[in-house]
Amino acid sequence: MKALIAMSGGVDSSVAAKLMLDQGYECVGCTMKLYNNPDAGCSSKTCCSVRDVEDARSVAARLGMPYFVFNYMDEFRRDVMETFARSYTLGKTPNPCIDCNKFLKFGALYERAKELGCDTIVTGHYARIRKRNGRYELLRAKDPKKDQSYVLYNLTQEQLAHTQFPLGDYEKTYTREIAEKSGFINSHKPDSQDICFVPNGTYTEAVTRILSYKPQPGPFLTLDGKEIGTHKGIIYYTIGQHKKLGLPQPDGPLYVVAIDPRKNAVIVGPSQALFRRDAAVKEANWISGKIPEAPFACLVKVRYRQEAQPAIVTPTGPDTFSILFDEPQRAITPGQSAVLYGLGEDTDVVIGGGILQ
1 MKALIAMSGG VDSSVAAKLM LDQGYECVGC TMKLYNNPDA GCSSKTCCSV
51 RDVEDARSVA ARLGMPYFVF NYMDEFRRDV METFARSYTL GKTPNPCIDC
101 NKFLKFGALY ERAKELGCDT IVTGHYARIR KRNGRYELLR AKDPKKDQSY
151 VLYNLTQEQL AHTQFPLGDY EKTYTREIAE KSGFINSHKP DSQDICFVPN
201 GTYTEAVTRI LSYKPQPGPF LTLDGKEIGT HKGIIYYTIG QHKKLGLPQP
251 DGPLYVVAID PRKNAVIVGP SQALFRRDAA VKEANWISGK IPEAPFACLV
301 KVRYRQEAQP AIVTPTGPDT FSILFDEPQR AITPGQSAVL YGLGEDTDVV
351 IGGGILQ
């Protein structure tokens, strides 16, 4: 059996490669070149740097694996960076890691794996896959602190059948122990925290750079439509934001409760205006490959680190569904993803997900 190992230069994918070799797989290592650092405004300390490539190459050599660097810069800019930037100009708050997994790691790279005659693609994600009743399921990782199932909800049955996540049953401390015992150069390398092409979390700089976009000032509006100030451009704001509004707040704290790109307006209100029970979702993916025929109860996460909340989900079309939470949720944000999990014994099972409207 032959496996293509997606190697970022970090400790997780390096250990994933070793574990696959230990299982007897013929392994080929690769790193995806996604952008030039200066083009993305990044320093040499971020993903895709020369050091990351050299770290991955070093580990591959230590393990005796062939190693390649594949150029996906055009695809990454089109499908991830520009999509991310356009979403911000429309008043949304996207998660580019989800698009990267969908279009690059399990899209373009998956196709490359098939061209190379590989039976499976392997990444260092913390998630699990199992086969039950003839279908593949995506599950949360055993380590809840490292679980990455939220960003993997777009996987299909075909992709799951040819994907492995060797770290899904491990805690990060054990992963580092394996790396250290294996003599990997990156065994103590810190985890990446930022979006790879957005160093230091400066989203607005990324948007203006990627699209050559110039933010336009517009009105701050209250919930009843009264103009109370001027904002510096909608890309500077997100739902739930309280700081850096620059508004007088004599009647109590104000928060961003909505963004209207058609009016170039930012709508503000009190904290209680952020809470709602309902949400609409588009671009849905059902991991089973089948659209549910009726409303069903499940657990839903509307942001990466949120604890999943009970709700009723109703399919409304081939790739849309609505959510009605049992309890009001704070700051449901367009552009983020709603990811669905099972109930009872299936709370680790990812049902699917989509983009919040």
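By our numbering, the letter at position 114 of the sequence shown is numbered 114, and the numbering carries on one by one without gaps.
The beta carbon of each residue, even a glycine, is placed where N, CA and C say it ideally should be.
About 5 Å separates the Cβ atoms of residue 287 and residue 352, confirming a contact at the 8 Å cut-off.
The three-state reading of DSSP puts residue 32 in strand, counting E and B together.
Three or more pairs of CB atoms, one per stretch, sit closer than 8 Å, so the region 320 to 337 contacts the region 260 to 277. Annotated three-state conformation of residue 293 is coil, per DSSP. Assigned with DSSP and collapsed to three states, residue 131 falls in strand. Assignment of residue 76 by DSSP, reduced to helix, strand and coil, places it in the helix class.
Under the three-pair Cβ rule at 8 Å, the region 9 to 29 counts as touching the region 184 to 200.
Note on geometry: alpha-carbon atoms of residue 150 and residue 339 lie some 6 Å from one another. If you compare the alpha carbons of 316, 198, 53 and 128 with that of residue 293, the shortest gap goes to 316. Within a 10 Å sphere around the beta-carbon of residue 249 sit fewer than 16 other beta-carbons, which makes this residue exposed.
When Cβ pairs closer than 8 Å are counted between the two stretches, the region 192 to 200 is seen not to touch the region 157 to 164, the count staying below three. Taking 9 Å as the cut-off, the beta carbon of residue 255 is found no closer than this to the beta carbon of residue 244. For secondary structure counted as the alpha helix (DSSP H) over 4 or more consecutive residues, the region 102 to 147 holds these complete runs in sequence order: 109 to 115. The region 177 to 226 contains, as complete beta strand (DSSP E) runs of 3+ residues, the segments 218 to 221 (chain order).
For residue 213, the closest of 76, 36 and 85 by C-alpha to C-alpha distance is 85.
Secondary structure note for residue 337: its beta strand (DSSP E) is the uninterrupted segment 337 to 341. In its chain, beyond the 5 residues on either side, 235 and 236 have a beta carbon closer than 7 Å to the beta carbon of residue 204. The residue among 128, 164 and 259 with its C-alpha nearest the C-alpha of residue 121 is 164. When the Cα atoms are used, residue 73 and residue 251 turn out to be separated by approximately 50 Å. Per DSSP, residue 157 is not a residue of any beta strand (DSSP E); the alpha helix (DSSP H) it occupies stretches across 157 to 161. In the structure shown, residue 332 falls within a coil segment according to DSSP collapsed to helix, strand and coil. Pairing residue 325 with residue 300 gives a Cβ-Cβ distance under 9 Å.
Proximity of the region 261 to 269 to the region 217 to 237 meets the contact definition, three or more beta-carbon pairs being nearer than 8 Å.
Ranked by how close their Cα comes to the Cα of residue 304, the residues 224, 148, 182 and 167 have 148 in first place. Counting the other CB atoms within 10 Å of its CB gives residue 113 a total of 16 or more, which places it among the buried residues. In this structure, residue 253 lies away from residue 291, with their beta-carbon atoms at least 9 Å apart.
In the DSSP assignment, residue 273 is bridged to no other residue. According to DSSP, residue 67 shares a beta bridge with 29.
Judged by their CB atoms, residue 128 and residue 348 are nearer to each other than the 9 Å cut-off. Counting only residues of its own chain and dropping the five nearest sequence neighbours on each side, residue 95 has a CB closer than 8 Å to the CB of 151, 304, 335, 336 and 337. In this structure, residue 257 sits away from residue 246, with a CB-CB distance that is not shorter than 9 Å.
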